[in-house]
Amino acid sequence: MVSELINANPIIYEKKERRPRTAPSAPHDEYAVELIDQQEDPEHPYSLEELKVITEEAVEVDDQRNYVRVMFTPTVEHCSMATVIGLCLRVKLMRSLPSRYKVDIRVAPGSHATEAAVNKQLNDKERVAAALENSNLLNMVDDCLAPSYD
Amino acid sequence: MMELKEIQRLEGHTDKVWSLAWNPTTGHAGIPLVFASCSGDKTVRIWEQNLSSGLWACTAVLDETHTRTVRSCAWSPSGKLLATASFDATTAIWENVGGDFECVSTLEGHENEVKCVSWNAAGTLLATCSRDKSVWIWEVLPGNEFECVSVLQGHSQDVKMVKWHPTEDILFSCSYDNSVKVWADEGDSDDWQCVQTLGEPNNGHTSTVWALSFNVSGDKMVTCSDDLTLKVWETESVGTQSGGGFAPWTHLCTLSGYHDRTIFSVHWSREGIFASGAADNAIRLFVDDNESQVGGPLYKLLLKKEKAHDMDINSVQWSPGEKPVLASASDDGTIKVWELTSY
Chain A
1 MVSELINANP IIYEKKERRP RTAPSAPHDE YAVELIDQQE DPEHPYSLEE
51 LKVITEEAVE VDDQRNYVRV MFTPTVEHCS MATVIGLCLR VKLMRSLPSR
101 YKVDIRVAPG SHATEAAVNK QLNDKERVAA ALENSNLLNM VDDCLAPSYD
Chain B
1 MMELKEIQRL EGHTDKVWSL AWNPTTGHAG IPLVFASCSG DKTVRIWEQN
51 LSSGLWACTA VLDETHTRTV RSCAWSPSGK LLATASFDAT TAIWENVGGD
101 FECVSTLEGH ENEVKCVSWN AAGTLLATCS RDKSVWIWEV LPGNEFECVS
151 VLQGHSQDVK MVKWHPTEDI LFSCSYDNSV KVWADEGDSD DWQCVQTLGE
201 PNNGHTSTVW ALSFNVSGDK MVTCSDDLTL KVWETESVGT QSGGGFAPWT
251 HLCTLSGYHD RTIFSVHWSR EGIFASGAAD NAIRLFVDDN ESQVGGPLYK
301 LLLKKEKAHD MDINSVQWSP GEKPVLASAS DDGTIKVWEL TSY
């Protein structure tokens with residue numbers, strides 16, 4: 001695990017109130033956010049929404065084109081957990097959305113020191129597939145996602 | 001008008017189908033067509049065409065050898081051996097003994113995921129590549145022994161594919177570092193060197209290069225990329241020059257605007273048609289553009305097949321048989337066999 005916190009004092013935002021809903025046949029933005037907003041930052045016991053890593057506005061769902069785009073904002077621009085957070089978001093969406101959806105996950109422009117490298121890795125499906133066969137990484141992802149299944 | 005007609009949809013794999021390879025010695029002289037497919041379900045399947053019905057059936061499942069995804073497979077030119085590359089960091093060699101496939105050798109050495117394996121034209125050399133950024137060349141020795149003769153470092157990121165030239169012992173590798181590298185043995189002592197890098201400065205790709213394929217004469221190749229383009233390259237002469245030395249490859253043209261997600265696979269048929277398969281679930285076929293003006297496009301779209309699969313297409317491969325038959329492998333767990341027909 002991480003011995004030293006990368007961002008020891010993150011700003012905590014209030015979680016947005018949302019009506020509970022069951023999975024609609026045609027997911028839209030709010031539903032997709034709800035799917036992922038309960039995930040924890042691997043470093044902090046706060047959800048990604050409370051840390052404003054992910055916001056409702058940063059998730060775009062195009063149901064006609066079976067397309068989802070997620071933009072997340074790491075709390076610090078040298079966040080070494082960015083790829084793990086991105087991987088958690090991808091796994092959550094893979095497990096929750098119908099397989100017909102194409103998902104692109106990116107860090108917000110200017111939010112990360114190695115933005116292009118992080119984006120490239122997160123969207124290389126061969127690397128994602130290999131990462132998810134790594135039991136240590138998969139356990140970490142499952143730990144992050146656990147609260148989102150409560 | 002041409003049409004890509006679906007002959008059969010093959011089910012059996014329980015996860016993504018990453019790659020497929022036709023046995024090059026099948027499809028002629030009454031020998032039924034055979035191909036192998038490999039998957040995230042850790043298995044390899046062998047499919048054979050029934051000569052009377054024309055349909056394919058799975059005749060063997062190669063399992064309990066690889067412990068992780070099997071990413072690619074390749075038949076030896078003799079069609080007797082099948083090599084399979086896995087995320088478990090090994091490459092397995094399978095021998096076909098009367099229809100039964102037996103794992104006769106396991107090649108170890110890469111630090112992590114092996115992504116591709118390729119046999120040279122003579123079947124005397126094997127190349128593998130990995131996320132560890134290296135390309136290994138193995139010599140095929142008698143008794144199913146394989147000896148690593150060279151470890152090629154040069155790519156700065158994972159190497160996605162290796163492919164030998166169809167007639168010469170020249171090796172091509174493409175990578176997550178956006179480049180294609182050309183490797184040749186310039187001495188006679190296994191002194192393999194990178195003789196050319198096709199990258200952004202020489203009109204190369206601007207993102208991961210996923211695959212490449214040669215035309216039948218070996219003087220052209222096509223590459224495909226995450227940058228959503230296909231590029232065709234040419235060389236002036238194939239083969240060892242009389243004075244020694246290597247004839248470099250140059251960019252001929254770029255085909256863009258045909259796929260709107262990553263292009264994972266491209267394959268050139270003997271008839272001169274190249275097929276591309278992409279993450280947009282579509283297959284595209286391209287041919288020589290005879291009417292092209294000087295400076296205009298040299299290849300034109302022959303046909304597009306939208307929704308060829310329900311998910312990403314990872315591999316498209318033309319069969320070695322007499323008819324123009326194409327097989328495609330997808331994240332949806334299926335393989336489809338298509339025939340190109342005119343109507």
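From first to last, the protein sequence lines are chains A and B. All residue numbers for the first sequence refer to full-length UniProt numbering, where the first residue is 1 and numbers rise by one. All residue numbers for the second sequence refer to full-length UniProt numbering, where the first residue is 1 and numbers rise by one. Here a beta-carbon is modelled for each residue, glycine too, at the ideal position from N, C-alpha and C.
Under the 7 Å criterion on CB atoms, B/E113 is classed as interfacial with respect to chain A. The count of Cβ pairs closer than 8 Å, one atom from the region 125 to 141 of chain A and one from the region 58 to 78 of chain A, stays below three, leaving the stretches out of contact. By a beta-carbon distance limit of 8 Å, B/P320 contacts B/G27. Their separation comes to about 5 Å. In the DSSP assignment, B/Q317 forms a beta bridge with B/A327.
Contact annotation for A/S99 against chain B: D310, M311, D331 and D332 [CB-CB distance below 9 Å, chain order]. For A/R106, the enclosing beta strand (DSSP E) starts and ends at K102 to V107. Proximity of chain A to B/A279 at the Cβ level (cut-off 8 Å) is accounted for by K102 and K125, in chain order. Contact of A/A146 with chain B is not assigned, every C-beta pair being separated by 7 Å or more.
In the structure shown, the three-state DSSP call for B/Q49 is strand. Per DSSP, the continuous alpha helix (DSSP H) segment holding A/R90 begins and ends at A82 to S96. Remark: C-beta atoms of B/C129 and B/V162 approach each other more closely than 7 Å.
Boundaries of the alpha helix (DSSP H) around A/D143: S135 to L145. For B/F286, the nearest beta carbon of chain A is not closer than 7 Å to its own beta carbon. For A/E60, none of the residues of chain B pass the 8 Å Cβ criterion, the least Cβ distance being about 16 Å.
Out of B/L228, B/S342 and B/S72, the CA that lies nearest to the CA of B/A282 is found in B/L228. B/G154 and B/S134 have their C-alpha atoms roughly 7 Å apart.
Going by beta carbons, B/W75 and B/P24 fall inside the 7 Å limit. If you check each beta-carbon in the region 65 to 81 of chain B against every beta-carbon of chain A, the ones closer than 8 Å belong to R68, T69 and R71.
The residue from B/R284, B/A279 and B/L302 with its alpha-carbon nearest to that of B/N290 is B/L302. For A/Q121, the enclosing alpha helix (DSSP H) starts and ends at E115 to L122.
With a contact defined as Cβ atoms closer than 8 Å, B/S265 and B/N314 qualify at about 6 Å.
For B/K231, DSSP records a beta bridge to B/T223 and B/T254.
Annotation for A/V128: the continuous alpha helix (DSSP H) segment containing it runs K125 to A131.
Scanning chain A for C-beta atoms nearer than 7 Å to the C-beta of B/T208 yields D124, reported in chain order. In this structure the region 74 to 93 of chain B lies against the region 101 to 120 of chain B, because at least three pairs of beta carbons, one per stretch, are closer than 8 Å. Taking C-alpha positions only, A/D143 is separated from B/L62 by approximately 34 Å. Cβ contact annotation for B/E11 (same chain, cutoff 8 Å, sequence separation greater than five): G333 and T334, in chain order. The continuous stretches of beta strand (DSSP E) do not include A/L48, and DSSP gives it neither H nor E. Among the residues of the region 129 to 141 of chain A, those with a Cβ less than 9 Å away from any Cβ of chain B are A129, A130 and E133, in the order of the chain. Residue contact check for B/F87 against chain A: a CB pair falls below 7 Å.
Your pair B/V140 and B/L126 checks out as a contact, with CB atoms roughly 6 Å apart and the cut at 8 Å. With a cutoff of 7 Å on beta-carbon distance, B/A57 and B/S72 are scored as not near each other.
DSSP places B/A282 in the coil class of the three-state scheme, outside both helix and strand.
In the structure shown, B/S269 falls within a coil segment according to DSSP collapsed to helix, strand and coil.
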